[in-house]
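The block underneath contains the structure these notes are about, expressed in structure tokens.
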Amino acid sequence: MLNVENLSKQFTLHQQGGVQIPVIQNLSFSVDHGETVAITGPSGRGKSSLLKLIYGSYIATSGSIQILHEPDWLEATQLAPRQMMEVRNKTIGYVTQFLRVIPRIPTLDIVAEPLINRGVNVSDALLRAQHLLTKLNVPEKLWSLSPMTFSGGEQQRVNIARGFAAHHPLLLLDEPTAALDAENRSRVMGLIREARANGSAILAVFHNEEERHQVCDRDIAL
Ligand SMILES: Nc1ncnc2c1ncn2[C@@H]1O[C@H](COP(=O)(O)OP(=O)(O)O)[C@@H](O)[C@H]1O
Ligand SMILES: [Mg+2]
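Numbering (our numbering), first residue to last: 111 to 332.
See below:
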């Protein structure tokens, strides 16, 4: 599903005398369908940057990132922005620790949007959104509100519901449970297992070791 070869990334801080920060060097690995792989390493080692490179938010300095966007293998480092949008719509799901909150858009619509973008009819998409929000204990009275004013944990659960609404052949998870209590963390573990059982290839950074051991098949240490 994902094939990374000799990937390197270094940041150049143009505003600060052109200082160069090498973050990832000659990294190679693959992730198969139905496999959950953890990225490990201390803070600042480049875990989030790696996920952003795969999602196309950062541009690689060198190397290759191949993604199976059915039925074709695409070189993600070479895609035009419009093609990358299509790959994100159909193939890659990305859940970060923080929700990018859009003012005025109700929670239910935020969660249903990835399904509607894929052509699922609106009422089915809303049903799936309701199911996920219920499962993640987001109170029904909040569904018609923008998550702008929600607590950190509530926003994170909206973000997770959105990330898991559609089936993504490739799922990138960046500390998805960091702000959650034990019960909600275990709900999220359940969603990850469900996605894996449905054949998703999952690449994830976990906030704690125990969660990592619960769901991951192997580690990539940075
Ligand atoms: N957009 C950026 N510009 C400059 N440096 C960055 C940028 N993003 C990340 N970095 C640097 O890359 C390193 C790795 O960051 P990150 O990928 O967030 O680490 P991790 O997720 O493992 O904690 C850090 O030193 C960070 O400062
Ligand atoms: Mg990080």
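We put the CB at the ideal spot given by N, CA and C, even for glycine.
Near ligand 1: residue i beta-carbon under 7 Å from a heavy atom
i      : result
Phe208 : no
Pro118 : Looking at the sequence itself, residue 118 is Ser, so the reference to Pro does not match. Every heavy atom of ligand 1 is 7 Å or more from the Cβ of Ser118, so no.
Val211 : no
Leu123 : yes
Arg272 : no
Val114 : no
Val197 : no
Gly151 : yes
Three-way DSSP call (helix, strand, coil) for residue i in this model
i      : result
Arg155 : coil
Thr122 : strand
Ile164 : helix
Pro286 : coil
Leu189 : coil
Ile131 : strand
Asn136 : strand
His323 : helix
Asn269 : helix
Ile302 : helix
Asn318 : coil
Asn294 : helix
In DSSP terms, what residue i is bridged to
i      : result
Ile175 : Val114
Arg328 : Val147
Leu313 : Val147, Leu282
Leu184 : Ile177
Val141 : Leu112
Residue i CB to nearest heavy atom of ligand 2 below 7 Å
i      : result
Asp284 : yes
Val315 : yes
Lys162 : no
Ser158 : yes
Closer than 8 Å to chain C by CB, residue i
i      : result
Leu209 : Although the question refers to chain C, the structure presented lacks it and comprises just one protein chain.
* To do: Count the C-beta pairs between the region 290-305 and the region 162-182 that are closer than 8 Å, then say yes if the count reaches three, no if not.
  => no
* Segments assigned alpha helix (DSSP H), at least 4 residues, entirely inside the region 199-261 -> 217-227, 232-245
* To do: Would you be able to state if there are at least three C-beta pairs under 8 Å between the region 258-270 and the region 194-202?
  => no
* Asked: Touching or not, the region 280-291 and the region 300-317, by the rule of three or more beta carbon pairs under 8 Å?
  -> yes
* Check whether the region 174-194 touches the region 250-260, counting contact only when three or more Cβ pairs, one atom from each stretch, lie closer than 8 Å. => no
* Is the number of C-beta pairs between the region 233-244 and the region 320-328 that are closer than 8 Å three or more? -> no
* Asked: Would the region 145-154 and the region 203-211 be scored as touching if the rule is three or more Cβ pairs under 8 Å?
  -> no
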